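Asker:
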Amino acid sequence: MNKGQNNLTIGPILFHWPAEQKRDFYFKIADESPVDTVYIGEVVCSKRSPFFEEYYDNVTDRLTRAGKKVILSSLSEVMVTRERKMTEELAQNEIYEVEANDSSALYHLRGRRHRIGQYYNTYNEETLKHLVLNGAYHVTLPAELPRESLIVLGSVAKQLGISLEVQISGRVGLAFSARCYHARSYGRVKDNCQFVCEHDPDGMSLKTLTGQNFLCINGIQTLSYNYLNLLPQIPELIDMGIDNFRISPHSSHTEIIIKAAHSVLQGSISGEEATSIIQSSIGDTPCFNGFYHHVAGHEWAEHNYQLSE
Amino acid sequence: MKILSRFFVDGYIHKAKLLKQLTRPIPLPLINYFLNFTLIKVVKKNSYLFNRLVGHHHKTFLIQITNLPFDLVLQPNPNSPHLYAKRKAVKFDADATISGSFLSLLGMIDGRFDGDALFFTRDLQIFGDTEAIVCLRNALDDMDKSLADEAASNFSPIGPYFLAMARRATKNNDIPS
Amino acid sequence: MTSPHKPELVCPAGTPASLRVAVDSGADAVYCGLQNATNARNFPGLNLTPYELEKSIEYAHLNGTKVLIALNTFPPAGQFSLWSDAVDLAHSLNADAIIVADIGVANYAKSKYPDLRLHLSVQAGAPSIEAIKFYTEEFDVKRVVLPRILTIPEIKSLKQEISCEIECFIFGNHGLMAEGRCSLTNYATGLSTNMDGVCSPANFVNYRVDADQSLHTELNGFTIDCFSCTQNPGYPTICKGRYHVAHREDSYYAFEEPLSLNLASLLPDLISAGVDAFKIEGRQRSKAYTQSVVSSWRKAIDTALDHGAINMDHLLSLTEGNKQTLGAYETKRWR
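Chains as they are written, first to last, in the numbering used here: chain D, 1443 to 1751; chain F, 74 to 250; chain S, 17 to 351.
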């Protein structure tokens, strides 16, 4: 296991937390957390951006001084003029590198050093090669890719000398829409939403008619109800050539998960122990790893691969 | 809509009830003879259809005709396909079941009714192996001449006459119950 | 591809027989796919073999109809050859265009066959001017199929800024989630919309009738909806189901009701906005659907060009939910 270059990252906060809560979260990361990279930016809804504007400089400054690499993440769905402008300005900033989550961001970033986000469809080696030619040097892969595809991509990344990242914890984004489902649940639309998404700091749980926990709604984004847990897979992911591990933040227990992931990276706890820690902190919410094992995504598969496979 | 259609095709309703009465005493072996004869002819001419049922050749499909005294059982094995009628009282365990009125089902295999549309209005119900049913639907749909046409033409002139009658009864896509 | 004032009618073909029906009913172009994961309607028993595709292209071309081949899914790493073989086949059979979504596939096609016309699938998720420009500049795509989330004024201003043609959906199943970005089916079943070309696949579907005759539709054990005996049922597509949230007492369509798009009333506006092609959704539907829908729309477009009045409400019975919508096209309030 090559410990030297393996990085823990914090993905962009997906939810509409109060600005002060976001600020305090980032301050804590800066001061106390063993993460290497922090992604900041509004990925889900452009209407939320103004709330955090005044804290950006302070937060990015504090993180940078703490030795964390700061990357700005772009919006996932870019449609209206305001969003197009936002994306263009983000892409053209000269201070921080940008992670592109859609093709309009990529349009502006072509030819410059940039990252590709997990909401961009980098599914195969040919797409990866083309994006690298355009200036991508670090790619976060879509969450639904199975292990056998990660192996191929890891090998190609090694040849190209670029970095790959995968999400290992937190709820996973499964879909985007132009329609705001949070607003819809309150009988409203995006234009008059009154920011109801702020009621659900980890997403609004959507149950089936028979009471099964199934999905979560976060504005225009639909997430898994279950929490992704690929901490046990960290050693084999490293072996594949994936060296960055993203923890998607939630309103509580993120520090515990960071600590557990860090311990796995250090080799001081096993994957099973890490799972135990995570499960006891998130309580009744199940963990899942089905995408990785190429079974139904929501499932938890107990499968320990031999590292030589 | 359905009430209106009853008045327009009342003559047909009479004939449908008559059909039910007539078929009740008909011995199944006779019905099965005609079914098998039709199947062999159709299959011989359209053997490519089995390609769309790969993975489902060994399955049994129960076609429940709600307003006739018998149901049909289909086994689309390309080596020995079977289509036969069975009395409703006889229990049967099928991989997939399609249930509808005679005219709905006829309209569907005649290429005049869209299966999804019939499902949306509950004129058609399906149970069991949904994938097998979707394959069967796609296979039957991939015929230039409808299955009903092909089948009826084997019993000319009675077959085509009956088919024409059924088409007139459901001219506006209304299915009398 | 056509004169600027006459939009093309682009029609679905799930089987060779359907393709012939679409051609005979007046389609200017038909789109179809192969029997594998390379297209986003990889449904059981549907689509064409290479031989059937060859014969179908011959038939279509003989009748003056173009054939577009959908290769609009995303090859997972390690399986790219299935898609590159499909591109090779499309080129060898003289397809009029391929409809692509994946950057790797687009790049392969453009590098190897510069003369093969590329259309950008709605699966590429390119709703903005810059996103479209990315594809036109990188891969010289000649036409973009727009997501169903833009209003007519937005389409009009987009048309003025981009160099390629525009194709819009006008009828059929209304897709809600941003296309090419949905892994709901994979989360529920293990088969992927993006990689396997399936959505709520039939082999995971179960219909269960209760003692009180209500019909439960399930997808791999998840209840998607429940219909009383007086309600019209639908297919258990996850984003068209009914669910519960804590702050509502009732169950509700959390994403969208099962509706179909029908833009007949907006046809003149769409034509004057500069839309180059109109797309009918429904490769998985029957010949009966194809014949009825294509011939109706052929008439509607010809009528609209003559400034006549169009009414397509008779197609309502073919739609899921027996309800139709104008979607986002008329107003942003849909969002």
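Heads up, the beta-carbon is just placed ideally off N, CA and C, and yes, glycines get one too.
These numbers come from a predicted model, not from an experiment.
Flag this pair as yes or no: are the beta carbons of T246(S) and I240(S) separated by less than 7 angstroms?
Answerer: Counting from 1 along the third sequence, the entry for residue 246(S) is found at position 230. Counting from 1 along the third sequence, the entry for residue 240(S) is found at position 224. Cβ distance not < 7 angstroms, so T246(S) and I240(S) don't count as in contact.
Asker: Spatial neighbours of S19(S) within its chain, please: CB distance less than 7 angstroms, with the 5 preceding and 5 following residues excluded, ordered by chain position.
Answerer: As a first step, residue 19(S) is located in the third sequence; it is residue number 3 there, counting from the start. Because S19(S) sits at a pLDDT of 41, beneath the cut-off of 50, its placement in the model cannot be relied upon, and the following sentence gives the value as read from the coordinates. Closer than 7 angstroms at Cβ, skipping near neighbours: no residue.
Asker: If the cut-off is 9 angstroms on Cβ atoms, which residues from the region 247-274 of chain S count as contacting chain F, listed in chain order?
Answerer: So the close ones are Q247, N248, P249, G250, Y251 and P274.
Asker: Just tell me which of R1554(D), I1513(D), F1469(D) and S1545(D) has its CA closest to the CA of Y1481(D).
Answerer: If you number the first sequence from 1, residue 1481(D) lands on position 39. It is I1513(D) whose Cα lies nearest to the Cα of Y1481(D).
Asker: Could you give the first and the last residue of the continuous alpha helix (DSSP H) run that contains C208(F)?
Answerer: Position 135 of the second sequence holds residue 208(F). Per DSSP, C208(F) belongs to the alpha helix (DSSP H) from T203 to D214.
Asker: Using CA coordinates, which residue listed in R1626(D), R1465(D), L1657(D) and L1587(D) is at the minimum distance from R264(S)?
Answerer: For the purposes of this step, residue 264(S) is taken as the residue at position 248 of the third sequence. Nearest option by C-alpha distance: R1626(D).
Asker: Of all the residues that make up the region 1639-1662 of chain D, which are near chain S by a beta-carbon distance shorter than 9 angstroms?
Answerer: Against chain S - using a Cβ distance shorter than 9 angstroms - the residues of the region 1639-1662 of chain D are H1641, M1646, S1647, L1648, K1649, T1650, L1651, T1652, G1653, Q1654, F1656, L1657, I1659 and I1662.
Asker: Please list the residues of the region 179-201 of chain S that have a C-beta atom closer than 8 angstroms to any C-beta atom in chain D, keeping them in chain order.
Answerer: So the close ones are L192, M193, A194, G196, R197, C198, S199 and L200.
Asker: For F81(F), which three-state DSSP category applies?
Answerer: Residue mapping note: residue 81(F) aligns to position 8 of the second sequence, counting from 1. Note that F81(F) scores 40 on pLDDT, short of 50, meaning its location in the model is unreliable; the coordinates nonetheless yield the value given after this. Residue state, collapsed to three classes: helix.
Asker: Name, please, each residue of chain D whose Cβ falls closer than 7 angstroms to the Cβ of C242(S).
Answerer: Locating residue 242(S) in the third sequence gives position 226, counting from the first residue. What C242(S) touches in chain D: L1651.
Asker: I317(S) to V26(S), Cα distance in whole Å?
Answerer: Position 301 of the third sequence, counted from the start, is the residue given in the question as residue 317(S). Position 10 of the third sequence, counted from the start, is the residue given in the question as residue 26(S). Cα-Cα distance, rounded: 12 angstroms.
Asker: In chain order, what residues of the same chain have a beta carbon less than 7 angstroms from the beta carbon of F1637(D), not counting five sequence neighbours either side?
Answerer: To locate residue 1637(D), count along the first sequence from 1; it is residue 195. If we look at F1637(D) and ignore the five residues flanking it on each side, its Cβ neighbours are H1458.
Asker: Should the region 1484-1495 of chain D be called in touch with the region 1713-1725 of chain D, which here means at least 3 C-beta pairs below 8 angstroms?
Answerer: Contact fails: fewer than three Cβ-Cβ distances are below 8 angstroms.
Asker: Check whether chain F comes within 7 angstroms of Y223(S), counting only Cβ atoms and requiring the distance to be less than that.
Answerer: For this step, residue 223(S) is matched to residue 207 along the third sequence. Yes, contact with chain F.
Asker: Restricting to Cα atoms, I'd like to know which of A53(S), G324(S), K295(S) and N210(S) is closest to N189(S).
Answerer: Here residue 189(S) refers to the residue found at position 173 when the third sequence is read from its first residue. Answer by Cα proximity: K295(S).
Asker: Could you tell me which uninterrupted beta strand (DSSP E) segments, each at least 3 residues in length, are contained entirely in the region 138-203 of chain S, listed from first to last along the chain?
Answerer: You should have 159-161 and 181-189.
Asker: With a threshold of 7 angstroms between beta-carbons, can E392(S) be considered close to chain D, or not?
Answerer: Shown here, chain S extends from 17 to 351; a query on residue 392(S) therefore has no answer.
Asker: Quick one: Cα of E74(S) to Cα of S137(S), how far?
Answerer: The residue given as residue 74(S) occupies position 58 in the third sequence. The residue given as residue 137(S) occupies position 121 in the third sequence. When rounded, the distance between both Cα atoms is 24 angstroms.
Asker: State buried or exposed for K303(S), treating a residue as buried only when at least 16 other CB atoms are found within 10 Å of its CB.
Answerer: On the third sequence, residue 303(S) is found 287 positions in, with the first residue counted as 1. The residue in question, K303(S), is buried, as its Cβ has 16 or more Cβ neighbours within 10 Å.
Asker: Can you find a C-beta in chain S that's less than 7 angstroms from the C-beta of H1458(D)?
Answerer: As a working note, residue 1458(D) is residue 16 in the first sequence. Judged by the 7 angstroms Cβ criterion, H1458(D) is not in contact with chain S.
Asker: Around the C-beta of M1443(D), are 16 or more other C-beta atoms found within 10 angstroms, so that it is buried, or is it exposed?
Answerer: Taking the first residue of the first sequence as position 1, residue 1443(D) is located at position 1. Note that M1443(D) scores a pLDDT of 32, beneath 50, so its modelled location is shaky; the value from the coordinates is reported in the next line. Classification of M1443(D): exposed, given that the 10 Å Cβ count is below 16.
Asker: Under 7 angstroms Cβ to Cβ from E1496(D), same chain only, skipping five residues before and after it: list those, please.
Answerer: In the first sequence, residue 1496(D) corresponds to position 54, counting from 1. Hits under 7 angstroms: none found.
Asker: Mind the definition here: the region 36-52 of chain S touches the region 196-212 of chain F only if three or more C-beta pairs lie below 8 angstroms; say whether that holds.
Answerer: The region 36-52 of chain S, when compared against the region 196-212 of chain F, does not touch it at the 8 angstroms Cβ threshold.
Asker: Between which residues of its own chain and T1451(D) is the CB-CB distance below 8 angstroms, once the five residues before and five after are set aside?
Answerer: The count along the first sequence starts at 1 and reaches residue 1451(D) at position 9. Closer than 8 angstroms at Cβ, skipping near neighbours: V1477, D1478, T1479, V1480, Y1481, E1607, N1686, F1687, R1688 and I1689.
Asker: Is the distance from the Cβ of D292(S) to the Cβ of I182(S) below 7 angstroms?
Answerer: As a position in the third sequence, residue 292(S) is number 276, starting the count at 1. As a position in the third sequence, residue 182(S) is number 166, starting the count at 1. Yes, these two residues count as a Cβ contact at 7 angstroms.
Asker: Using a Cβ cut-off of 7 angstroms, which residues of the region 227-238 of chain S contact any Cβ in chain D, in chain order?
Answerer: So the list reads N236 and F238, given in the order they occur along the chain.
Asker: L179(F) touches chain S at which residues, Cβ-Cβ below 7 angstroms?
Answerer: As a first step, residue 179(F) is located in the second sequence; it is residue number 106 there, counting from the start. The contacting residues do not exist; L179(F) stays about 13 angstroms from chain S at best.
Asker: Checking the sheet assignment: what are the DSSP bridge partners for E1607(D)?
Answerer: Counting from 1 along the first sequence, the entry for residue 1607(D) is found at position 165. Answer is T1582(D) and N1686(D), bridged to E1607(D).
Asker: So, using beta-carbon positions, are G213(S) and N58(S) closer together than 7 angstroms?
Answerer: Mapped onto the third sequence, residue 213(S) falls at position 197. Mapped onto the third sequence, residue 58(S) falls at position 42. Cβ distance < 7 angstroms, so G213(S) and N58(S) count as in contact.
Asker: Quick one: Cα of F256(F) to Cα of K114(F), how far?
Answerer: Missing from the structure shown is residue 256(F); chain F here goes from 74 to 250 and no further.
Asker: Apart from the five residues on each side of it in sequence, which residues of its chain come closer than 7 angstroms, Cβ to Cβ, to A1743(D)?
Answerer: Start at 1 with the first residue of the first sequence, and residue 1743(D) comes out as number 301. Excluding sequence neighbours, A1743(D) sits near N1731, G1732, H1735 and V1737.
Asker: If you compare alpha carbons, which of L1505(D), G1645(D) and A1542(D) is closest to T1529(D)?
Answerer: Taking the first residue of the first sequence as position 1, residue 1529(D) is located at position 87. Considering only alpha carbons, the answer is A1542(D).
Asker: Do M1646(D) and I1401(D) have their beta-carbon atoms positioned less than 7 angstroms apart in this structure?
Answerer: Nothing about residue 1401(D) can be read from this structure; chain D reaches only from 1443 to 1751.
Asker: When you check each C-beta in the region 120-134 of chain S against every C-beta of chain D, which residues fall closer than 7 angstroms?
Answerer: So the close ones are G120, N123 and Y124.
Asker: S1546(D) by DSSP, collapsed to three states: which one?
Answerer: To locate residue 1546(D), count along the first sequence from 1; it is residue 104. If DSSP states are grouped into helix, strand and coil, S1546(D) belongs with the helices.
Asker: Can you find at least 3 beta carbon pairs, one from the region 1673-1687 of chain D and one from the region 1602-1622 of chain D, that sit closer than 8 angstroms?
Answerer: Yes, since at least three Cβ pairs between the region 1673-1687 of chain D and the region 1602-1622 of chain D fall closer than 8 angstroms, the two stretches touch.
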